[in-house]
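What the sequence shown shows, in this note's numbering, is residues 24 to 201, in sequence order.
Glycine is no exception: its CB is placed at the ideal position from the N, C-alpha and C atoms.
Note that this is a predicted model, so its numbers are computed, not measured.
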Amino acid sequence: MFTLIIGGVRSGKSTFAEKLAAQSTRDPLYYIATSVNTDEEMNERILKHQIARKNAPKQWVVFEYPTRPSIIKLPKDTTVLLDCVTTWATNEWMERVETDTIDELINRMVTEVEEMMQSAAHLILVSNDLFSDAMGYEAVIKEYLKLMGKLHQQLVKKADRVVKMEFGYPQVKKGRIL
Numbered sequence: 024m025f026t027l028i029i030g031g032v033r034s035g036k037s038t039f040a041e042k043l044a045a046q047s048t049r050d051p052l053y054y055i056a057t058s059v060n061t062d063e064e065m066n067e068r069i070l071k072h073q074i075a076r077k078n079a080p081k082q083w084v085v086f087e088y089p090t091r092p093s094i095i096k097l098p099k100d101t102t103v104l105l106d107c108v109t110t111w112a113t114n115e116w117m118e119r120v121e122t123d124t125i126d127e128l129i130n131r132m133v134t135e136v137e138e139m140m141q142s143a144a145h146l147i148l149v150s151n152d153l154f155s156d157a158m159g160y161e162a163v164i165k166e167y168l169k170l171m172g173k174l175h176q177q178l179v180k181k182a183d184r185v186v187k188m189e190f191g192y193p194q195v196k197k198g199r200i201l
């Protein structure tokens, strides 16, 4: 099972994803964190997630991989939560070789998701909805939004379930909620 959860900032995506993962009969749960602690706000967000996992009824095994998360050798038939695709894509985009095209980067990331799908009984990915803002952007931002739009389309095609979070409420766009 592959679940993709997309929503705006502070929409409840991560909390919903953690609750969904906790419904698994598998223990421990695996968490792949892609964020890099860059400032005080990010530090607070990371700490909040760490406390939530520590107080969870199930044990979480946490890996911090800002790039190339598929190199983690997870046991078969596990529940894996990766938070978040947007940050992972940003990290990959910033590290990419200048000759890499957006399509090459997307293909590499989709291949990594496919590799994680092969070992996980349930893979849950969290990503940000960046497309509700109608402002004009500089070329580099437009290129990044193009990357995220194409990546989301590929992930939605592969997902068994797609959930959009708005105001803390899940809206199933593909598949069933449970």
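For the alpha helix (DSSP H) containing F39, list its first residue and its last residue. Start and end: K36 to A45.
Could you check what DSSP says for D126 in three-state terms: helix, strand or coil? D126 falls in the helix class under three-state DSSP.
In whole angstroms, what is the alpha-carbon distance linking Y54 and F39? If you take the alpha carbons of Y54 and F39, they lie about 14 Å apart.
Nearest to W111 by CA position, among D126, K99 and R91, is which residue? The candidate whose alpha carbon is nearest that of W111 is R91.
To which residues does DSSP link N151 through a beta bridge? DSSP lists G30 as the beta-bridge partner residues of N151.
N- and C-terminal bounds of the alpha helix (DSSP H) containing I69: I69: member of the alpha helix (DSSP H) spanning E63 to K77, first to last residue.
Mapping the DSSP letters down to three states, classify A112 as helix, strand or coil. DSSP places A112 within a helical segment (H, G or I) once states are collapsed to three.
Have a look at F25 and V185 and give me their C-alpha separation to the nearest angstrom. Distance from the CA of F25 to the CA of V185, rounded to the nearest whole angstrom, comes to 9 Å.
V84 bridges to which residues according to DSSP? According to DSSP, V84 bridges with Y53.
By the three-class DSSP mapping on this structure, what secondary structure does L97 have? Here L97 sits in coil by DSSP.
Is V179 a contact residue of the ligand GTP, with contact defined as CB to any heavy atom under 8 Å? Here there are no bound small molecules, and the ligand GTP is not part of this structure.
If you draw a straight line from the C-alpha of S93 to the C-alpha of I129, how long is it? Distance between the alpha carbons of S93 and I129: 14 Å.
Spatial neighbours of L97 in its chain, beta-carbon cut-off 8 Å, leaving aside the 5 residues before and after: Around L97: Y53, V103, M139, S142 and A143.
According to DSSP, is A182 part of a helix, a strand, or is it coil? Three-state result, A182: coil.
Identify which residue in V85, Q82, I95 and R33 has its Cα closest to the Cα of M65. Nearest C-alpha to M65: R33.
If you draw a straight line from the alpha carbon of I74 to that of W83, how long is it in whole angstroms? For I74 and W83, the distance between alpha carbons rounds to 11 Å.
Buried or exposed for V136, please, with buried defined as at least 16 other CB atoms from any protein chain shown within 10 angstroms of its CB. Counting Cβ neighbours within 10 Å, V136 comes out buried, since at least 16 surround it.
When the Cα atoms are used, what is the spatial distance from K77 to V85? Straight-line Cα distance between these residues: approximately 11 Å.
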